[in-house]
Amino acid sequence: MNAITIVTIGFLILETTNVVTLYFFPDSKYANGVGVFKAWEKSKSDPDLHNFVKYMVNWVAGTKLIFILLLIVILYTANDQTLIFSSIALVISIASFFWRLFPLIRKMDRDDQIDPKNYARVLGRMILAFILAFLAAILISLIG
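Position 116 of the sequence shown, counting from 1, maps to 116 under the working numbering, and the rest follow consecutively.
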């Protein structure tokens, strides 16, 4: 088992817990559940808004599920070159978090719209750690 496979399996485990949380325990404050957003609870007072928010949460979960299943197929069938290119694609797609999502969640965190406090910082570090892990795995695969 090479470095890319190990990092990808770790990423798959993390994303799978997130999908399970979003589908079955969206109120959770763990595994990146939407319970961390105070607006989630507020949306429950407006059924139309809450239905829209639930739709978006399930849409995100479904999109993540697509990625999970595609990554499993890639891990099962890909040669080393495809694994490297897939990992590069993952780095780019994961890094997109810092373009739109991170500034927004950091603002919400600063405006006391997130519980627990500093959740944005923890999430940002976790995502950065995965990017660095994939980059390290790519480098190891290219050198080794």
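Where is the CB? At the ideal position from N, CA and C, for every residue including glycine.
DSSP beta-bridge partners for residue i?
| i | result |
| --- | --- |
| I114 | F37 |
Give a yes or no on whether the C-beta atoms belonging to residue i and residue j are separated by under 9 Å.
| i | j | result |
| --- | --- | --- |
| F98 | G124 | yes |
| D27 | G35 | yes |
| K54 | D115 | no |
Which of helix, strand or coil does DSSP assign to residue i?
| i | result |
| --- | --- |
| Y30 | coil |
| A78 | coil |
| S45 | coil |
| W99 | coil |
| M1 | coil |
| G62 | helix |
| F11 | helix |
| F25 | coil |
| G144 | coil |
Kindly list the residues whose CB is nearer than 8 Å to the CB of residue i, restricted to its own chain and excluding five residues on each side of it in sequence; keep chain order.
| i | result |
| --- | --- |
| V60 | L22 |
| K64 | E15, N18, V19 and L22 |
So residue i packs on residue j, CB below 8 Å; how close in whole Å?
| i | j | result |
| --- | --- | --- |
| K117 | D109 | 7 Å |
| F130 | F11 | 6 Å |
| Q113 | K38 | 5 Å |
| R106 | A120 | 4 Å |
| V91 | L135 | 6 Å |
| M71 | T8 | Just to set this straight, residue 71 is Leu in the shown sequence, not Met. That pair is a contact at about 6 Å. |
| I127 | I94 | 6 Å |
| S141 | A31 | 29 Å between Cβ atoms; not a contact. |
Whose C-beta lies closer than 7 Å to the C-beta of residue i among residues of the same chain, with five residues either side of it excluded?
| i | result |
| --- | --- |
| Q81 | none |
Ordered along the chain, which non-local residues of its own chain (more than five positions away) have a Cβ less than 6 Å from that of residue i?
| i | result |
| --- | --- |
| L83 | I4 |
| N58 | none |
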